[in-house]
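Undergrad:
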Amino acid sequence: MCFRLGWGLKSLSPESYFQFPTSISGCFLVPKFIAMAHHIQLGNQTISPTELPQLLAEYQLLPQFQREVIINKAITDIELTPQEKANSIEQFSQQNKLTTPEAQAAAQQQLCITSQQFEAIATKELRIEKFKIATWGNKLEQYFLQYKPQFDQVVYSLLRTENSEIAQELFFRIQDGDATFADCAKHYSQGTEAQTGGLIGPVPISQPHPAIAQKLGTSKTGQILPPMKLENWYVIIRLEKLIGAQLDDATRTTLLNHLFEQWLAQQIQNTPISIVNGNNSSLNQPQLSIALAV
């Protein structure tokens, strides 16, 4: 499958492109007017299209380029109503202090983009959000149940010390009611939690050390657990509160973002990017191109 450079140029016929064959499945299509005429002028330095792939690689910009290409391809068919488009452009302009035609024109000149490209940039976030909803929106409840443990939050108390005997003594003192967890943590805990009397949270249950998270997930509220050894520490924990996640607007947004990034990572893995040599018979000279196996 061929990958085309020059999105938005739908009026160009197939004959308007040079086709660069690649060493992997697919090819890279470059509009002839870009290959023959367009270059980047940076002060007194002229950067030709043949230099650009190597420079993108040298400056470590190819991964970002790859990401944006995949996203743009995914949202190509996402349509906005005139009102959605106008609102997106207005919001984008407000956020970037481009509230006058002169400011927008100056930004377009600085970024070397057309007004159509400016519009595409301004509406991109909304088109991505609509793509997420169109792709996963009707399956969110199913995904929520699958990922719910990652969204549950906990409040817990933690005390850690490098001395096993001290840890054991403090455990019994707290368990027997001779001292409070907060007082023991303030005086004996050797981590930053000492400043809060050992109290941590609310935090996602996936945030603590996996061994701690596992204990918290199976503990009863108020239950203090005997010291356990974690690396160089002896740790005492007590579950204060388990906050079960709800599929509210915030969780929906988080879940959609998670699914999108997961999908995008898979797409990036399945779409390797490389710089290959091609031969353009019309130009009769070797060309460098960027190939995406799609």
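Residues in the sequence shown are numbered from 822 upward in steps of one, following the working numbering.
Beta carbons are placed, not taken as given, at the ideal position from N, Cα and C, and that holds for glycine.
Bear in mind that the values here come from a model prediction, so they are computed numbers and not experimental data.
If you reduce the DSSP assignment to three classes, tell me which class Leu-1068 lands in.
TA: Three-state result, Leu-1068: coil.
Undergrad: In angstroms with no decimal places, state the Cα-to-Cα distance between Gly-1018 and Ala-1003.
TA: Cα to Cα, Gly-1018 sits roughly 4 Å from Ala-1003.
Undergrad: Distance, Cα to Cα, Thr-902 vs Tyr-977?
TA: Approximately 48 Å between the Cα atoms of the pair.
Undergrad: The alpha helix (DSSP H) that contains Tyr-1009, what's its start and end?
TA: From DSSP, the alpha helix (DSSP H) with Tyr-1009 extends over 1002-1009.
Undergrad: Mapping the DSSP letters down to three states, classify Leu-1085 as helix, strand or coil.
TA: Here Leu-1085 sits in helix by DSSP.
Undergrad: Is the distance from the Cβ of Ile-896 to the Cβ of Phe-952 below 7 Å?
TA: For Ile-896 and Phe-952, yes; Cβs fall inside 7 Å.
Undergrad: Near Ile-949, what residues of its chain come up, given a Cβ to Cβ distance below 7 Å and the 5 sequence neighbours on each side ignored?
TA: Ile-892 and Ile-896, listed in sequence order.
Undergrad: Apart from the five residues just before and just after Ala-988, which ones in its own chain have a Cβ nearer than 7 Å to its Cβ?
TA: Around Ala-988: Thr-982, Pro-1048, Tyr-1055 and Ile-1057.
Undergrad: Which ranges would you report for the alpha helix (DSSP H) in the stretch 914-967 if only whole runs of at least 4 residues count?
TA: The qualifying runs are 922-932 and 936-957.
Undergrad: Please determine, among Glu-1061, Ala-1034, Gln-1028 and Ser-1095, the residue with the shortest C-alpha to C-alpha distance to Gln-1044.
TA: Nearest C-alpha to Gln-1044: Glu-1061.
Undergrad: Could you give the DSSP three-state label for Ser-1095: helix, strand or coil?
TA: Strand at Ser-1095.
Undergrad: Could you tell me whether the Cβ atoms of Ile-1026 and Asp-1070 are closer together than 7 Å?
TA: No. Outside cutoff.
Undergrad: Just to confirm the assignment, what range does the alpha helix (DSSP H) spanning Gln-887 have?
TA: 883-895 is the extent of the alpha helix (DSSP H) around Gln-887.
Undergrad: How close, in whole Å, do the beta carbons of Gln-929 and Ile-1096 come, if the pair is a contact with beta carbons under 8 Å?
TA: Going by Cβ atoms, the distance from Gln-929 to Ile-1096 rounds to 29 Å, so no, they are not a contact pair.
Undergrad: In three-state DSSP terms, what is Pro-1029?
TA: Here Pro-1029 sits in coil by DSSP.
Undergrad: Which same chain residues, not among the five before or five after Lys-1036, have their C-beta less than 7 Å away from its C-beta?
TA: The residues are Leu-1046 and Ile-1058.
Undergrad: For the putative contact between His-1030 and Leu-1063, defined by C-beta atoms under 8 Å, what is the C-beta separation to the nearest angstrom?
TA: Not really, about 17 Å apart at Cβ, beyond 8 Å.
Undergrad: Cα-Cα, which of Lys-894, Glu-889, Thr-944 and Gln-937 is closest to Asn-908?
TA: Selected option, being the one with the closest Cα: Thr-944.
Undergrad: Over what stretch of residues does the alpha helix (DSSP H) that includes Leu-980 continue unbroken?
TA: That residue, Leu-980, is in no alpha helix (DSSP H); its beta strand (DSSP E) goes 974-982.
Undergrad: Quick one: residues in its chain with C-beta nearer than 7 Å to the C-beta of Lys-1007, no 5 flanking neighbours on either side, listed in chain order?
TA: If we look at Lys-1007 and ignore the five residues flanking it on each side, its Cβ neighbours are Ala-1015 and Gly-1018.
Undergrad: Starting from the C-beta of Lys-969, find all residues in its chain whose C-beta is less than 6 Å away, skip the five residues before and the five after it, and write them out in chain order.
TA: Around Lys-969: Ala-1066.
Undergrad: DSSP on Glu-990, reduced to helix/strand/coil?
TA: In this structure, Glu-990 counts as helix in the three-state DSSP scheme.
Undergrad: What is the rounded straight-line gap between the Cα of Gln-912 and the Cα of Ile-995?
TA: Distance between the alpha carbons of Gln-912 and Ile-995: 55 Å.
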